[in-house]
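Mapping of the sequence shown onto our numbering: position 214 corresponds to residue 766, and the numbering continues sequentially without gaps. To start, the structure under review is shown below, and the notes come after it.
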Amino acid sequence: MSEPTAKKAKPRNYREDFIMFCFVSVDSKPMCLECDAIMTNHSTKKVKLEQHQKLRCPSSVGKGRKYFENKKEIQPIKLPDFLKKINTEKAKTPKSSYLVSEIIAKVAAPQIYGEKRVKPAMIDCANEVLGKGVASTLSTIPLSNNTVTRRQDETSNFVEEKIMEILQKTKFSLQADDSTIHNQAILLVYVRFIHEDDIREEMLFIKSLSETTNAEDKFNEIMQYFNDKIFHSLI
């Protein structure tokens with residue numbers, strides 16, 4: 553007599569009313585707006601979500617739907633928000649590629665360092681400590697010069713879009729500085745705003761100045777930037 557076959561758990565998808573428990577949809581799975589926890593299929597039930605909210609994020613209990621919808625719109629600017637879009641089992645190597653590209657950008661290293669410096673170091677360390685199997689997996693992480701450049705551009709665009717979304721809904725101040733790199737005048741613009749009762753400062757954009765660096769030139773470049781962004785958001 554054959555043993556009964558175990559039934560597979562029926563997949564549970566995100567439902568719109570889950571937002572009342574502080575959860576939004578990420579790849580059809582509930583993600584907590586307060587702590588970024590992504591619930592498993594087993595926990596995708598109202599009772600489980602409500603339990604999580606009361607135990608892990610009690611400050612959100614009793615808030616209305618409008619509160620959570622607003623919070624969803626002005627979620628803090630964080631790289632993990634972007635990575636969650638590719639955070640699946642099959643996307644582990646692309647995710648690692650984004651993380652390494654971010655580190656390369658932060659230390660202002662050339663993009664070619666990903667392929668020429670970072671990857672060989674990871675593979676050598678893995679061979680010594682974790683074994684050839686892990687080293688072989690690390691060797692598949694895409695870190696070519698073009699890939700790192702593309703990853704940095706995509707991440708930068710994503711963060712910029714998040715900043716612009718917030719700026720359209722709150723008051724802010726700007727700080728413009730100029731510098732010179734290799735005899736080229738550079739305009740650096742920072743933005744400061746209040747977000748979730750916290751004062752935040754972010755780099756808004758960097759742009760080369762073709763002519764002089766007087767106040768009028770800076771003003772015109774900043775106005776052109778905002779005009780381009782507003783126009784882009786309307787088309």
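Backbone N, C-alpha and C define an ideal beta-carbon position, used for all residues, glycine too.
**OP:** Assign Y777 to one of three DSSP states: helix, strand, or coil.
**Re:** Residue 777 sits at position 225 when you count from the first residue of the sequence shown. Of the three classes helix, strand and coil, the one that applies to Y777 here is helix, per DSSP.
Original post:
Mind pulling the alpha helix (DSSP H) runs of 4 or more residues that sit fully within the stretch 695-778?
Top reply: 697-719
Original post:
Would you report the Cα separation of L739 and E754, rounded to the nearest angstrom?
Top reply: The count along the sequence shown starts at 1 and reaches residue 739 at position 187. The count along the sequence shown starts at 1 and reaches residue 754 at position 202. Going from the Cα of L739 to the Cα of E754 covers about 15 Å.
**OP:** Over the uninterrupted beta strand (DSSP E) stretch that includes P582, give me the two end residues.
**Re:** Taking the sequence shown and counting its residues from 1, one reaches residue 582 at position 30. Element bounds for P582: 581-584.
Original post:
Who are the near neighbours of Q776 in its chain, counting only those whose CB is closer than 8 Å to its CB and skipping five residues on each side?
Top reply: Translated into positions along the sequence shown, residue 776 becomes position 224. So no residue of the chain qualifies.
**OP:** Please report the residue range of the alpha helix (DSSP H) in which V686 lies.
**Re:** By 1-based counting over the sequence shown, the position of residue 686 is 134. Unbroken alpha helix (DSSP H) run through V686: 684-690.
Original post:
Which value, in whole angstroms, describes the spacing of the CA atoms of F724 and R744?
Top reply: Here residue 724 refers to the residue found at position 172 when the sequence shown is read from its first residue. Here residue 744 refers to the residue found at position 192 when the sequence shown is read from its first residue. Going by the C-alpha atoms only, they are around 6 Å apart.
Subject >> Neighbourhood of Q663 by C-beta, 6 Å cutoff - its chain only, sequence neighbours within 5 removed >> reply: Position 111 of the sequence shown, counting from 1, holds the residue named residue 663. Taking C-beta separations shorter than 6 Å and ignoring five residues to either side along the sequence, the partners of Q663 in its chain run N697, V700, T701, following chain order.
Original post:
Between A657 and the rest of its own chain, which residues show a CB-CB distance below 7 Å, the 5 nearest in sequence each way excluded?
Top reply: On the sequence shown, residue 657 is found 105 positions in, with the first residue counted as 1. Only Q704 meet the Cβ criterion.
**OP:** Starting from F620, follow the alpha helix (DSSP H) in both directions and report where the run begins and ends.
**Re:** On the sequence shown, residue 620 is found 68 positions in, with the first residue counted as 1. Its alpha helix (DSSP H) spans residues 617-625.
Original post:
Are the stretch 568-578 and the stretch 609-618 touching, with three or more C-beta to C-beta distances below 8 Å?
Top reply: yes
**OP:** Answer yes or no: do P646 and P694 have a C-beta to C-beta separation smaller than 8 Å?
**Re:** Here residue 646 refers to the residue found at position 94 when the sequence shown is read from its first residue. Here residue 694 refers to the residue found at position 142 when the sequence shown is read from its first residue. Yes; because the gap between Cβ atoms is below 8 Å, this pair is in contact.
Original post:
Where does I664 sit, in a helix, a strand or coil, going by DSSP?
Top reply: Within the sequence shown, numbered from 1, the residue matching residue 664 stands at position 112. It is coil, neither helix nor strand.
Original post:
From which residue to which residue does the beta strand (DSSP E) around V599 run?
Top reply: Sequence index remark: in the sequence shown, residue 599 carries index 47 (1-based). It is not in any beta strand (DSSP E) - V599 instead sits in the alpha helix (DSSP H) that spans 598-608.
**OP:** Can you tell me which of D749, K770, Y566, S649 puts its alpha carbon nearest to the alpha carbon of Y742?
**Re:** As a first step, residue 742 is located in the sequence shown; it is residue number 190 there, counting from the start. Minimum Cα distance to Y742 is reached at K770.
**OP:** Put I590 into one of helix, strand or coil per three-state DSSP.
**Re:** Position 38 of the sequence shown, counted from the first residue, corresponds to residue 590. Strand.
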